[in-house]
Each structure stands twice: as structure tokens, then as C-alpha cells.
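What the sequence shown shows, in this note's numbering, is residues 10 to 436, in sequence order. Read through the structure below, which is laid out as C-alpha cells, and then see the notes.
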Amino acid sequence: MATEYIDHGIPFLRSLNVDRFKINSSDIRYISRDFHSRISKSRLKPGDVVIVRTGKPGTCAVIPGELLESNCSDLVIVRCGSEIFNRFLCYYVNSAATNHIAAHLVGAVQQHFNVASAKTMEIPLPPIQEQKSIAHILGTLDDKIELNRKTNETLEAMAKALFKSWFVDFDPVKAKAEGRPTGLPAEISDLFPDSFEDSELGEIPSGWGTTCLDELTSFVIGGDWGKDVWSESEPAKVLCLRGADIPSLQEFAMGKPPTRFLRESSFHKRTLVDGDIVLEISGGSPDQSTGRPVLISPQLIKRAETPLACSNFCRLIRFDDLRWSSYAYYLVLSLYQSGEMFQYETGTTGIKNFGYKYFAGGRFFPKPPSALLDLFHCQVKSLHSSCHRRGEESDLLSKTRDALLPKLISGEIRIPDAEKMLEEVLS
């Protein structure tokens, strides 16, 4: 299939483009109109309901109106008739039908949810107008969740832009070297030099030097998948972060990391603390590299309520100086998003592995002065604290939405009462 992808054309949706309730354009692929015609059975129309088969089986969304033409792979396609409202169906599949989906997953290595199992799903059908009212109520909660997500996305973009401007493009140094104003407050502008010097990386700001992760880290260890049930030998309960959880965590959502149980010795070594970076070191795909990072913060640890650890497909990275964690996170994130992490992978078939030792000891980068590092770290901590507050609110709204659906369907909560509850929750 990858051989059919082109730079521009008909959007081609894969499982990673389907989130709960919405389609995302992350790493979207395109196919030619000719190929789109040849695989007509998987053509999508606005309003279609799609259910993920593999990867995030059971995840469901509605194709939005602006996606006039698209095609897909590995999705169950449902085109609703006059008796069922598409958004109502989407809410039902994502919330109330999880037990049905879990009971019908097949496959030992990679579980998937097939079309035949989707056809056997029993769905309660209130009158169509009531379905629309229920969808509207739940959609109001989703609108607030989406607003929080977009706000966090804007703040995160600001942090990325700041990192790039200060530590990649060296914009303030270039401005000072050319006699131009930096556009920064004087106390910040003074932290940057007004000239460059040669290094193994090329020109870098004068006095900065270079470094690598090996020179900055005090503790690096692989994760531990542990056991799925408590035992006397594995009694320590954790939420275990996997590579699959990282995209949600990067967006300041908790995701659904599974509960696992570790040996006490492993628990004490691998419990995540403020400033740790969890790096995915196994997985990926032909068009997705390994090396996805997530930065652990006090807010994330508090929201989890249960101690956090990471799976054996990840690596825990801890720094001698906590301030390096923010810089290193955005460095690794920028390298991942630019595709540079592909060059550090090993293995050409099956599961790919990330060559951490090669990367940590051989990938050098500019080393800013302590005062500038401290300033950037404080900026990031402030932005992330704000983002986590919205993420926590969205988690609560999401739980409220999922709890409301079965009660609205059963009549336990009537629509006027639910509308009053919404006013209180969103006020």
C-alpha cells in the first residue's frame, strides 16, 4: 500500500487518523484519483461512521463534512440509514459498546476487530429526534474538550517555536550580530551573545560549546512490562506507559496506560519522577520512526494517582540537572518530527529498535549557558502546567460524557435534566 502514496491527492485514512469522535490529520497519506477509483469499496463519504479494526480497535469517528472525498484502510465503514443518527452511533460505539468490542477482538499478536463482529453489535434505538438530542448534549461536552485541545496545541506550538528560535536558528544571536533588535526584553536579550564560533556542528553562538545526552544523564534504564495481576513477587502497582500512549500524553491527555505489577526492586528503580523523559525504543513502522518522547511532569504524576512506570519497549532517561529535561525533550521531539530519528534505527523487518547508545553518545547539540537554560525550563514548566489544567478538565468532561450516554438511553436521566447538568459542568 505504501507504494501507492503520493504527495498530494485523495486523503487516505489509516487507523492512526481516527481518534475517539474525530478524524485527525496527523501524518495523513494521499493516493491518486485512479487508485481511489480502483478501490471503490473503501471510499468514504461525509457522514460515514468509521471504526478502527487494528491498532486502536473499536475507536470510532464520523467523517466530517469538509472531507468531501477520501479512502481508507483497516477501517469498518458504516453508512447510516434513516433510523439511526451517525453521531449517536459514534457515541455508542466509543462508550457503551466497549464490552462488545473487547469480547470480539481476534488475533494473538495484534488484536483486531472485524466487520462480521461489527455487524453483530446490538444498538438501542431511541426515536431519531431523541438520538439527535442526546448527540447534541454529548457534543457540547466534546466542543469544550476540543477547545481545550486546540488551546493546548497553540501553547505547545509556542514552546516548539521558542526552542527552534533560540536553540536551532539562533535568531537572537543573529539579530545582535547584525546590529538589529532581538525583539526580546533586555534582560533576556542580554543572555545571548552577539557573535558565532566554529564547532563540530558548524557555527554556534560564542561561548556555548556542545554536548550530548550521555554527558547530561545520571540514570538511564529500560522499562519493565511486569505482570498483569498482583502476586507476592510482583506486588507494586503502576500505570505502565507504552509507545501507543505517547501521542495522547504529548497532547496532555492521560490516555489509557494499563495497570501492571512490578517487583519491588524494579518499582524503586523505574518509578517515574519529575523531569524524566520516556523514549520509545521499539516499534514504529516503515513510515513512522521510533524515538517518540514524553516529558514527565508533577502534574502528570498527580493526575495518574497511581505511580507511573514505562514498558520494556521504552527507556527512562533522567538528567543530572533537571533543567536539561525541557531542552532535551524539545530537542528529541524536533528530531522525531523532522524524520531524523530514522537514521538511528536498527532492524529492517518486524519490530524496529532505536539505537539509543549511538544516539545518546554520538548526537551532539549546542550547549546554552546556565541562565538561558534556566529561563527556557521555567517557560516550559509554566506552559505545561497550564496545559495540564486543561487536560485534567477534559479528562473529567470525557468521563462525564461517557457516563451520561447509557443513562440518557435508558431514561434514567431525562434530556432536560442533562441540559441543566451541562450548564453546571461548563459554567
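All C-beta atoms, glycine included, are put in the ideal place defined by N, C-alpha and C. The structure presented is a predicted model; accordingly, all values stated were derived computationally and were not measured.
- In this structure the stretch 12 to 26 does not lie against the stretch 132 to 148, because fewer than three pairs of beta carbons, one per stretch, are closer than 8 angstroms.
- Closest option to D83, judged by alpha-carbon separation, among P135, S51, S227: S51.
- Boundaries cannot be given for R272, as no beta strand (DSSP E) includes it and DSSP labels it neither H nor E.
- With fewer than 16 other Cβ atoms from the protein chains shown falling within 10 Å of its own Cβ, D36 counts as exposed.
- Within the DSSP secondary-structure output, G90 pairs in no beta bridge.
- When the Cα atoms are used, K183 and D203 turn out to be separated by approximately 7 angstroms.
- Taking a C-beta distance under 8 angstroms as the contact criterion, P136 and I418 do not qualify as a contact pair.
- Shown here, P425 sits in a helix according to DSSP, grouped into three states.
- By the Cβ criterion, the stretch 281 to 298 is in contact with the stretch 320 to 335, since at least three pairs of Cβ atoms, one from each stretch, lie closer than 8 angstroms.
- If you draw a 10 Å sphere on the C-beta of P302, you find 16 or more other C-beta atoms in it, and that means buried.
- DSSP assignment within the stretch 283 to 338 yields the following whole beta strand (DSSP E) runs of 3 residues or more, N-terminal first: 286 to 289, 302 to 304, 317 to 319, 323 to 328.
- Around the Cβ of G67, a 10 Å sphere holds 16 or more other Cβ atoms; the residue is buried.
- According to DSSP, residue pairing for V115 in a beta bridge involves H121.
- A contact is defined here as three or more CB-CB pairs under 8 angstroms, and the stretch 336 to 350 meets this definition with respect to the stretch 298 to 315.
- In this structure, A318 keeps its C-beta atom at 8 angstroms or more from the C-beta atom of G264.
- Sixteen is the threshold: since fewer than 16 other Cβ atoms of the shown chains lie within 10 Å of the Cβ of L435, the residue is exposed.
- A distance below 8 angstroms between beta-carbons, with the five flanking residues on each side excluded, links L258 to the following residues of its chain, in chain order: L250, G264, V303, L309.
- For a cut-off of 8 angstroms, the C-beta gap from N161 to G348 is around 24 angstroms, too long to register as a contact.
- Counting along the chain, I213 sits inside the beta strand (DSSP E) bounded by residues 211 to 214.
- If you draw a straight line from the Cα of A106 to the Cα of W217, it comes to about 56 angstroms.
- The three-state secondary structure of E206, taken from DSSP, is strand.
- For S227, there is no enclosing alpha helix (DSSP H); the enclosing beta strand (DSSP E) covers residues 226 to 231.
- Within the stretch 369 to 401, no beta strand (DSSP E) run of at least 3 residues lies entirely inside it.
- A direct Cα-to-Cα measurement between L382 and L331 gives close to 10 angstroms.
- By DSSP's assignment, I40 forms a beta bridge with I19.
- Around the Cβ of D426, a 10 Å sphere holds fewer than 16 other Cβ atoms; the residue is exposed.
- Closest option to S274, judged by alpha-carbon separation, among G235, P295, Q297: G235.
- When DSSP reads this structure, C69 sits in a beta bridge with I60.
- Cβ-Cβ distances below 8 angstroms link F30 to C69, A70, V71, C99, Y100, N103, D151 in the same chain, with the five nearest sequence neighbours on each side left out; the list follows chain order.
- Secondary structure at V238: coil, using DSSP grouped into helix, strand and coil.
- Setting aside the 5 residues that flank it on each side, H45 is surrounded in the same chain by I19, N80, each with a C-beta closer than 6 angstroms to its C-beta; the list follows chain order.
- Judged by beta-carbon spacing, L164 lies beyond the 8 angstroms limit of P181, meaning their Cβ atoms are not closer than that value.
- Beta-bridge pairing by DSSP links F363 to E354.
- The residue among G364, C387, E421, N95 with its C-alpha nearest the C-alpha of W333 is C387.
- In the three-state reduction of the DSSP assignment, R52 falls in the strand class, which pools E and B.
- Straight-line spacing of the CA atoms in H397 and R47 works out to 45 angstroms.
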